[in-house]
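*Asks:* Numbering (my numbering), first residue to last: 159 to 431. We put the beta carbon where it would ideally sit given N, CA and C, even for glycine. Once you've had a glance at the structure underneath, I'll fire off some questions.
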Amino acid sequence: MPEVNESPVSWQEFLESYPPSSNAVRVSDVVNQNEYINLPRLNLYCPNGSCAANMFFDSIGGSPYYKSGSLYFFKYKCRHCGDNIKIYAIEFPDCGDDKVVSVIKFGELPAFGQPIPKKLLALLGNDKSLMFQGRQAENQGLGIGAFSYYRRIIENNWKLLLDKMIEVTKIVDPCNTEMIDGLEKLKNQNQFSQAVKTAAPAVPQALLIDGQNPLLLIHKALSIGIHGLTDEKCLEYATDVRVVLSELMEKMAALRADNLELKKSVRRLAQLK
């Protein structure tokens with residue numbers, strides 16, 4: 159059974175940060191001195207409405223006895239809401255030694271990684287299946303595949319994304335007609351790369367991500383020819399595109415929600431006599 163790492167990772171890190179794979183990983187701190195499996199507290203994303211953030215998860219049930227070659231199902235529950243459950247399917251293919259053992263994570267439910275923002279899925283419409291496929295490829299470490307899916311998603315939906323950005327710009331900076339017109343003109347181009355290259359758009363300060371224009375960031379990543387890149391480097395860029403796109407959608411959703419709340423407050427105060 160091939161192993162993907164020379165230096166062992168901690169059991170907690172493996173459960174939290176490694177996606178399911180058929181490859182074995184060398185892991186430390188799995189077994190205690192009494193030959194029972196340690197079940198450490200984990201820091202995982204909880205999608206429950208009252209959480210929607212990283213929370214502590216505790217194991218449900220006692221620690222089982224360690225036996226190589228056996229398949230285990232470990233169940234964890236969110237400490238904060240007490241509702242969300244995480245299940246791991248784990249196998250220990252060989253004995254290892256007293257401190258380090260080989261571990262395979264065959265699967266986990268809910269799926270590995272933070273969920274795709276609902277606002278992004280709503281924007282993509284019929285292309286949301288491409289987003290799920292890209293996320294799955296990313297989780298499996300398939301960089302070229304993930305990058306190709308995300309590139310196709312952007313090319314298919316960049317005008318819809320611009321419409322959302324224009325809508326938010328009219329909310330946060332309604333008097334900036336030059337910026338709004340600039341974003342509108344981009345839609346006259348046939349391709350995303352062509353549009354951004356022709357006229358790098360200005361966007362509202364509120365939509366900058368770490369001080370950078372999100373459209374330019376995505377354009378830079380997608381302009382790279384993947385044929386000369388390693389799969390690992392493609393995976394990095396694919397993850398970057400997804401993270402920036404997700405953050406942009408979250409920012410726009412928050413700004414629209416803030417504007418709605420502001421309008422409600424103004425309306426209530428205006429009605430006072």
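Would you mind reading off the limits of the alpha helix (DSSP H) that contains ARG184?
*Replies:* For the purposes of this step, residue 184 is taken as residue 26 along the sequence shown, with counting starting at 1. No alpha helix (DSSP H) holds ARG184; the beta strand (DSSP E) holding it covers 183-186.
*Asks:* From ALA210 to ALA396, what distance separates their C-alpha atoms?
*Replies:* By 1-based counting over the sequence shown, the position of residue 210 is 52. By 1-based counting over the sequence shown, the position of residue 396 is 238. If I take the Cα positions, the gap works out to 24 Å.
*Asks:* Which one of LEU365, GLY240, PRO222 has the shortest CA to CA distance from PHE250?
*Replies:* For the purposes of this step, residue 250 is taken as residue 92 along the sequence shown, with counting starting at 1. It is PRO222 whose Cα lies nearest to the Cα of PHE250.
*Asks:* LYS235 to PHE264, Cα distance in whole Å?
*Replies:* Against the sequence shown, residue 235 aligns to sequence position 77. Against the sequence shown, residue 264 aligns to sequence position 106. Answer to the nearest angstrom: the Cα atoms are 19 Å apart.
*Asks:* In whole angstroms, give me the CA-to-CA distance for PRO166 and LEU418.
*Replies:* The count along the sequence shown starts at 1 and reaches residue 166 at position 8. The count along the sequence shown starts at 1 and reaches residue 418 at position 260. It is roughly 50 Å from the alpha-carbon of PRO166 to the alpha-carbon of LEU418.
*Asks:* From the DSSP secondary-structure annotation, give me the bridge partner or partners of LYS233.
*Replies:* Position 75 of the sequence shown holds residue 233. According to DSSP, which records beta bridges pairwise, LYS233 is partnered with ILE245.
*Asks:* DSSP three-state call for ASP398: helix, strand or coil?
*Replies:* Along the sequence shown, one-based indexing puts residue 398 at 240. Looking at ASP398 - three-state DSSP - the assignment turns out to be helix.
*Asks:* Please confirm whether ASP389 and GLY292 have their CB atoms less than 8 Å apart.
*Replies:* To locate residue 389, count along the sequence shown from 1; it is residue 231. To locate residue 292, count along the sequence shown from 1; it is residue 134. Their beta carbons are not under 8 Å apart, which means ASP389 does not touch GLY292 by this criterion.
*Asks:* Considering Cα atoms alone, identify which of GLU171, PRO273, LEU197, VAL330 is closest to ASP416.
*Replies:* Reading the sequence shown from its first residue, position 258 is the one you call residue 416. Checking every option, the nearest Cα to that of ASP416 belongs to VAL330.
*Asks:* Could you check whether ALA379 and VAL399 sit closer than 8 Å to each other, using their CB atoms as the reference points?
*Replies:* Stepping through the sequence shown from its first residue, residue 399 is reached at position 241. Stepping through the sequence shown from its first residue, residue 379 is reached at position 221. Against a cut-off of 8 Å, the Cβ pair of ALA379 and VAL399 comes out as a contact.
*Asks:* How many angstroms separate the CA atom of LEU173 from the CA atom of LEU200?
*Replies:* Taking the sequence shown and counting its residues from 1, the one referred to as residue 173 is at position 15. Taking the sequence shown and counting its residues from 1, the one referred to as residue 200 is at position 42. Cα to Cα, the separation comes out at about 8 Å.
*Asks:* Across which residues does DSSP place PHE250 in a beta bridge pair?
*Replies:* Translated into the one-based positions of the sequence shown, residue 250 becomes position 92. Beta-bridge pairing links PHE250 to no other residue.
*Asks:* Could you have a look at ASP290 and say whether DSSP puts it in helix, strand or coil?
*Replies:* Here the question's residue 290 lines up with position 132 in the sequence shown. The question names Asp, but residue 290 in the sequence shown is Phe. If DSSP states are grouped into helix, strand and coil, PHE290 belongs with the helices.
*Asks:* Using the Cα positions of ASN334 and GLY271, report the straight-line distance between them to the nearest angstrom.
*Replies:* As a working note, residue 334 is residue 176 in the sequence shown. As a working note, residue 271 is residue 113 in the sequence shown. Taking the straight line from one Cα to the other gives about 38 Å.
*Asks:* Classify ALA295: buried if its beta carbon has 16 or more other beta carbons within 10 angstroms, exposed otherwise.
*Replies:* On the sequence shown, residue 295 is found 137 positions in, with the first residue counted as 1. Buried.
*Asks:* Report the residue from GLU325, ASN348, GLN352 whose alpha carbon sits nearest the alpha carbon of ASP339.
*Replies:* Stepping through the sequence shown from its first residue, residue 339 is reached at position 181. Of the listed residues, the one whose Cα sits closest to ASP339 is GLU325.
*Asks:* Would PHE232 pass as a contact of LEU197 if the rule is Cβ separation under 8 Å?
*Replies:* Within the sequence shown, the letter at position 74 stands for residue 232. Within the sequence shown, the letter at position 39 stands for residue 197. Contact: yes.
*Asks:* So the candidates are SER260, GLU266, LEU281, ALA247; which of them puts its Cα closest to the Cα of LYS317?
*Replies:* The count along the sequence shown starts at 1 and reaches residue 317 at position 159. Comparing Cα-Cα distances from LYS317 to each of SER260, GLU266, LEU281, ALA247, the minimum goes to LEU281.
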